Amino acid sequence: DEFFVSDIGDAMILANLLEGLFEAGVTLVATSNTRPDELYAGGLQRDRFLPAIELIKAHTEVLNVDGGEDYRLRFLDRAEIYHHPLDDGAEETLASTFDGVVTGPVARGTEIVVLNRPIPARRAAQGVVWFDFVAVCDGPRSQADYIE
Numbered sequence: 044d045e046f047f048v049s050d051i052g053d054a055m056i057l058a059n060l061l062e063g064l065f066e067a068g069v070t071l072v073a074t075s076n077t078r079p080d081e082l083y084a085g086g087l088q089r090d091r092f093l094p095a096i097e098l099i100k101a102h103t104e105v106l107n108v109d110g111g112e113d114y115r116l117r118f119l120d121r122a123e124i125y126h127h128p129l130d131d132g133a134e135e136t137l138a139s140t141f142d143g144v145v146t147g148p149v150a151r152g153t154e155i156v157v158l159n160r161p162i163p164a165r166r167a168a169q170g171v172v173w174f175d176f177v178a179v180c181d182g183p184r185s186q187a188d189y190i191e
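At position 11 of the sequence shown the residue is numbered 54 (the numbering used here), and the sequence of numbers has no breaks.
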């Protein structure tokens, strides 16, 4: 799965996990948008995580599979980005764009919970959520709220 290290607690847990996995001879297959040497770059007490980076480099083969195009975003490349004025036409365009990326059932007027705090959502489906700007950008939030 995805490797993303955002705090020293996670970094230390991950370091111990990796050490145990590699000692047990487990084959690790993972994806990351970050090269091993750049994991947790600039993080607090990063030097404590460097042994884990060395484990990754010693026990894995890093392959670059970036073909230059993120096919998940092709639909959005053709979508309108700016909507002015914010009228019924803008609402219809946003709804159409949302409908174009969802698969499966759509919940309306729901919420998702992030770090034990509910965030109201206009619509939600598997892997896609439509929020009002104020719901996600106005209020007590931290960077951890936006990273999954």
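C-beta atoms are modelled at their ideal positions from N, C-alpha and C, and glycine is treated no differently. Keep in mind that this is a model prediction, so the values were computed, not measured.
Where does I96 sit, in a helix, a strand or coil, going by DSSP? helix
Range covered by the beta strand (DSSP E) that runs through L154: This sequence places Glu at residue 154; Leu is not what is there. Taken as a continuous stretch (DSSP letters only), the beta strand (DSSP E) holding E154 covers A150 to V157.
Any idea what DSSP makes of R91, helix, strand or coil? helix
Would you be able to state if there are at least three C-beta pairs under 8 angstroms between the region 148-155 and the region 127-138? no
Cut-off 7 angstroms between Cβ atoms - residues of its own chain near Q169, not counting five sequence neighbours on either side: T146 and G147
Please state whether the Cβ-Cβ distance between L61 and A95 is less than 8 angstroms. yes
In whole angstroms, give me the CA-to-CA distance for D175 and E97. 43 angstroms
DSSP on I51, reduced to helix/strand/coil? helix
Write down the C-beta distance between I162 and A178 rounded to the nearest angstrom, noting that I regard them as a contact closer than 8 angstroms. 6 angstroms
Give every residue of the same chain whose Cβ lies closer than 6 angstroms to the Cβ of V171, excluding the five residues on either side of it in the sequence, and list them in chain order. V144 and V145
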